[in-house]
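Just so you know, we're using our numbering here: the sequence shown kicks off at 51 and counts up by one. Glycine included, each C-beta is placed from N, C-alpha and C at the ideal position. Remarks on the structure that follows.
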Amino acid sequence: MLKETMFTYLVRAMVLVTAIPIHECAHAWASDKLGDPTAKNLGRLTLNPLPHLDVFGSILMIFTGFGWAKPVPVTTRYFKNVKKGMILTALAGPAANIILALLSLILYKLWCFFLYPVLAVSFTTANAIAQILSIMCLLNINLAVFNLIPIPPLDGSRIVTAVLPANLYYKIMQYERYIILAVFLILFLGWLDGPLAFLRSAVFHFLDTITAFLG
51 MLKETMFTYL
61 VRAMVLVTAI
71 PIHECAHAWA
81 SDKLGDPTAK
91 NLGRLTLNPL
101 PHLDVFGSIL
111 MIFTGFGWAK
121 PVPVTTRYFK
131 NVKKGMILTA
141 LAGPAANIIL
151 ALLSLILYKL
161 WCFFLYPVLA
171 VSFTTANAIA
181 QILSIMCLLN
191 INLAVFNLIP
201 IPPLDGSRIV
211 TAVLPANLYY
221 KIMQYERYII
231 LAVFLILFLG
241 WLDGPLAFLR
251 SAVFHFLDTI
261 TAFLG
């Protein structure tokens, strides 16, 4: 049991230094393509995890499977269409995680149904590889779903920002620190477990359906 738990934490740490940088780099890339060079100029258009990782979000990721990184800075005045630019930039990160989840699921199915049966590897090795791919798939789905929650500092809050009246947004942001603390408390108490599990299952079912031809 302890070995399995440590293995899960290790894989989550692997995802932390791969999936999260890709998530944040996707934000920076989308922002740059839409005309805003801010993130690029500040060194955020990179797959190096160090500029992206947030201490609390990283700890949460390892121990709960959900987490976040440092928000990618965006200067909206560079966008030709501010609302469209904000929404597309915010969606780029979760979209990158969905793509990574899809790739992990494809590799998982290829490994389990095609490669493992013909390769001379031990069951222990085969099972470990299958578990790594499975956890990578699920954690990327977790990251996508969790980051779309419409509360700071998550991506969903930027989408809400784009559609809310400016005065209402600024009123909400006055309580950003308290909102973040509330997120920690809600996650710790497990109040979001049900809704997040439902959304995660829905996304996984969709990805499983479109890869059904692999088994």
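Listed as beta-bridge partners of LEU103 by DSSP are ALA119.
Burial is judged here by how many other beta carbons sit within 10 angstroms of a residue's own beta carbon; TYR225 has fewer than 16 and is exposed. Here the C-alpha atom of THR211 lies approximately 17 Å from the C-alpha atom of LYS130. Residue environment: TRP79 is assigned as buried (16 or more neighbouring CB atoms within 10 Å of its CB, all protein chains considered). Its chain contains TYR166 as the residues whose beta carbon lies nearer than 6 Å to that of ALA176, once the 5 sequence neighbours on both sides are disregarded; these appear in chain order. Contact between LEU141 and ALA69 does not hold, since the beta-carbon distance rounds to 16 Å and is not under 8 Å. Under the three-state reduction of DSSP output, SER154 falls in the helix class. Within its own chain, the residues whose Cβ lies closer than 7 Å to the Cβ of SER184, once the five positions on either side in sequence are excluded, are TYR158, listed in chain order. In this chain, the alpha helix (DSSP H) harbouring PHE256 covers 243-260.
Bounds of the alpha helix (DSSP H) holding GLY206 are 205-213.
Residue environment analysis places GLY135 among the buried positions, since at least 16 neighbouring C-beta atoms fall within 10 angstroms of its C-beta.
Under the criterion of beta carbons closer than 8 Å, THR114 and LEU237 qualify as touching, at roughly 6 Å.
Burial is judged here by how many other beta carbons sit within 10 angstroms of a residue's own beta carbon; VAL233 has at least 16 and is buried.
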